[in-house]
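I have placed the structure first, in the form of structure tokens, so that the comments after it can refer back to it.
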Amino acid sequence: MAWPNIFQRGALLSQFSHHHVVVFLLTFFSYSLLHASRKTFSNVKVSISKQWTPSAFNKSIELPVEIWSSNHLFPSAEEATLFLGTLDTIFLFSYAVGLFISGIVGDRLNLRWVLSFGMCSSALVVFVFGTLTEWLHFYNKGLYCSLWIVNGLLQSSGWPCVVAVMGNWFGKAGRGVVFGLWSACASVGNILGACLASSVLQYGYEYAFLVTAAVQFAGGIIIFFGLLVSPEEIGLPGIEAEENFEDDSHRPLISGAENEDDAEPNYSIQEDKTITQVKAISFYQACCLPGVIALDVFPYSIHWPMPA
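With the numbering used here, letter number 27 in the sequence shown gets 27, and the count goes up by one each step, no holes.
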């Protein structure tokens with residue numbers, strides 16, 4: 001039995017150059033770093049909760065409660081856990097709003113600029129949130145909420161940009177295989193974030209944020225100087241030109257009809273335009289598709305509230 005063309009040796013790899021490989025790796029690890037930053041927060045929730053709540057009172061010396069808990073946000077671990085869950089909710093809402101904004105901005109500006117700015121700025125916000133505030137022993141609920149809203153908006157620039165760049169480089173041929181491998185970037189980022197956080201958590205949770213932010217900032221710099229948004233930037237044909245060429249190469253030289261050369265040309269052109277027009281579904285209709293809400297709610301409900 002013969003294998004399909006997509007599985008034959010060299011059938012898929014022959015279509016790609018080293019530029020495709022570089023774009024694949026850069027977009028893969030850029031989104032992995034964004035996910036690593038999110039995973040770090042969930043991994044250090046227990047340590048943050050301990051820092052935000054007072055330790056056990058010294059029963060041998062009776063001092064006012066204000067002295068023991070002057071540098072802590074919450075009187076109990078339950079209230080600290082509730083606030084951490086509130087931060088997750090704030091982040092997800094701002095992230096959802098930012099996806100629409102980032103998509104609009106990405107269509108009007110260079111995708112490389114938007115992605116690099118989002119990664120570097122998000123790294124700075126994470127540094128201030130988890131590292132700088134702990135070094136200064138400055139704890140404030142309003143500051144934490146504001147920083148996490150900004151972080152959600154900045155992190156939302158990642159997904160629309162990397163998907164658009166991948167779409168510019170990889171056409172329909174082999175897209176299932178390519179995007180199937182590339183979609184593992186989120187899982188790789190979660191693993192990377194867990195490894196980075198666990199390696200330095202013994203020194204303090206602020207160093208987990210520091211390492212993650214530093215790696216993400218470095219990744220944003222690499223994206224700014226190394227990512228090619230589309231093949232046209234280096235003189236290669238775009239995806240649309242390649243797909244049109246492939247369609248023409250598979251078209252027969254002589255059609256079956258002998259007398260169709262000049263018969264009703266206007267009608268045939270209008271018919272082709274009608275066929276190619278596809279009506280987009282609304283946001284509500286997309287949510288009503290089977291499995292859309294269920295598949296999103298389950299992993300996010302497990303990923304965010306539960307610390308590693």
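Ideal placement from N, C-alpha and C gives every residue a C-beta, glycine not left out. Model, not experiment: these values are computed from the prediction.
{"Item": "Thr-131, buried or exposed, once every other Cβ within 10 Å from all chains shown has been counted against 16", "Value": "buried"}
{"Item": "Through-space distance from His-137 to Ile-234, alpha-carbon basis", "Value": "50 angstroms"}
{"Item": "Helix, strand or coil at Thr-53 according to DSSP, with G and I counted as helix", "Value": "coil"}
{"Item": "C-beta atoms of Val-23 and Val-188 nearer than 8 angstroms", "Value": "no"}
{"Item": "Burial state of Val-177 (16 or more Cβ within 10 Å)", "Value": "exposed"}
{"Item": "Residues of its chain near Trp-52, where Cβ-Cβ distance is below 7 angstroms and the 5 sequence neighbours each way are ignored", "Value": "His-72, Leu-73, Phe-74, Ala-80 and Tyr-139"}
{"Item": "Cβ-based burial, Gln-285 [other Cβ within 10 Å; buried from 16]", "Value": "exposed"}
{"Item": "Buried or exposed (CB count within 10 angstroms, at least 16 for buried), Phe-377", "Value": "The first residue shown for the chain is 1 and the last is 308, placing residue 377 beyond what the model contains."}
{"Item": "Close Cβ partners of Ile-223 (< 8 angstroms) along its chain, the five nearest in sequence each way excluded", "Value": "Leu-26, Ser-30, Arg-112, Leu-115, Ser-116 and Met-119"}
{"Item": "Three-state secondary structure assigned by DSSP to Tyr-95", "Value": "helix"}
{"Item": "Burial state of Glu-206, where buried means 16 or more other Cβ atoms lie within 10 Å", "Value": "buried"}
{"Item": "Residues near Pro-160 by beta carbon distance below 8 angstroms, same chain, minus five either side", "Value": "Leu-99, Ser-102, Gly-103 and Gly-106"}
{"Item": "Start-to-end residues for the alpha helix (DSSP H) that takes in Ser-116", "Value": "111-126"}
{"Item": "Reduced DSSP secondary structure (H/G/I, E/B, other) of Pro-75", "Value": "coil"}
{"Item": "With 16 other Cβ atoms within 10 Å as the buried cut-off, status of Trp-135", "Value": "exposed"}
{"Item": "Buried/exposed call for Ser-49, threshold 16 Cβ in 10 Å", "Value": "buried"}
{"Item": "Three-state secondary structure (DSSP) of Cys-288", "Value": "coil"}
{"Item": "Endpoints, alpha helix (DSSP H) assigned at Gly-220", "Value": "205-226"}
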